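Contents: one structure, followed by commentary.
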Amino acid sequence: MAFVSSGVEYALHCLLYISHPDGIKDANVRDMADLQGVPVDFLAKIFTKLKKAGLVHSTEGARGGFSLARTAESISVKDVIDAIDGPKGLFECKEIRERCAVFNQQAPKWATEGTCGIHKVMLEAEQAMRQVFAQYSLATLAATSANKAPDDFNRQILQWFDARPSNQRFLSE
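This is the structure in structure tokens:
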């Protein structure tokens, strides 16, 4: 099982699309799901979690959708992971050290006292990983993506959204 779920990855991609200065305004879940090839219900649950965590605002109505509730600089990857996956640990210690066959059903105090060395390493690794996730913001990810993508990629995304049936009804108004 992955520490970070695929829901976090989809959330980050969606947030990158709506965080771009020239990005999608009030993006609706159906269009974002179609763009990424995922079920609408799956992405709707993700956006519910993002809203509950205060990372996005929602606008109701025909022109409704989602937008960032904070600046891209102030939303970290850790914020998104916490919103989508909640507080789950990297490692779940099973206290195997208590069940060693040579202990004859009763582990001595020395064997179980304090934090297990293996568990200690896992806790340190988790802490370091969370610190890395906290260092990177949506703005950081957006800059990395912008450096990698062709110059016209964002324009292509905007054109794709503009051509969506959900946006067509507004062009005639």
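For reference, each letter of the sequence shown is one residue, going 27 to 199 in this note's numbering.
Where is the CB? At the ideal position from N, CA and C, for every residue including glycine.
Source: prediction; values computed, not measured.
Cβ shell of residue i (< 7 Å), same chain only, five flanking positions each side left out
i, result
"Q62", "Y36, H39"
"V34", "V106, I107, I110, D111"
"A98", "S45, S163, L164, A165, A168"
"R156", "K104"
Run of the beta strand (DSSP E) containing residue i, from where it starts to where it stops
i, result
"H83", "82-85"
"G91", "91-94"
Neighbour flag for residue i against chain C, beta carbons, 8 Å
i, result
"P191", "Absent here is chain C; the protein component of the structure consists of one chain."
Own chain partners of residue i with C-beta closer than 6 Å, once the 5 adjacent residues on each side are dropped
i, result
"F196", "Unreliable placement is indicated for F196, whose pLDDT of 46 sits below 50; the coordinate value is still reported in the next sentence. Nothing meets the Cβ criterion."
"A79", "A109"
"F29", "L116"
Beta-carbon separation (whole angstroms), residue i vs residue j, contact threshold 8 Å
i, j, result
"L81", "I101", "6 Å"
"I50", "L184", "7 Å"
"D48", "N180", "6 Å"
"L42", "L167", "6 Å"
"C119", "H145", "4 Å"
Segment limits, alpha helix (DSSP H) that includes residue i
i, result
"E124", "From DSSP, E124 is part of no alpha helix (DSSP H); its letter is neither H nor E."
"R156", "143-161"
"V66", "66-78"
"V34", "32-45"
"R190", "Counting along the chain, R190 falls outside any alpha helix (DSSP H), and DSSP gives it neither H nor E."
"Q131", "It is not in any alpha helix (DSSP H) - Q131 carries neither H nor E in the DSSP assignment."
"D60", "55-62"
Residues bridged to residue i [DSSP beta-bridge criterion]
i, result
"S102", "S163"
Close beta carbons around residue i, own chain, < 8 Å, minus the five adjacent residues each side
i, result
"N130", "none"
"R123", "A133, A137, T138, C142"
"T85", "D52, G91, F92, S93"
"S192", "N54, R56, D57"
"L69", "Y36, C40, V55, M58, A59, Q62"
The ligand SAH heavy atom lying under 7 Å from the CB of residue i
i, result
"P65", "In the structure shown, the ligand SAH is absent, as is every other ligand, since no ligand is present at all."
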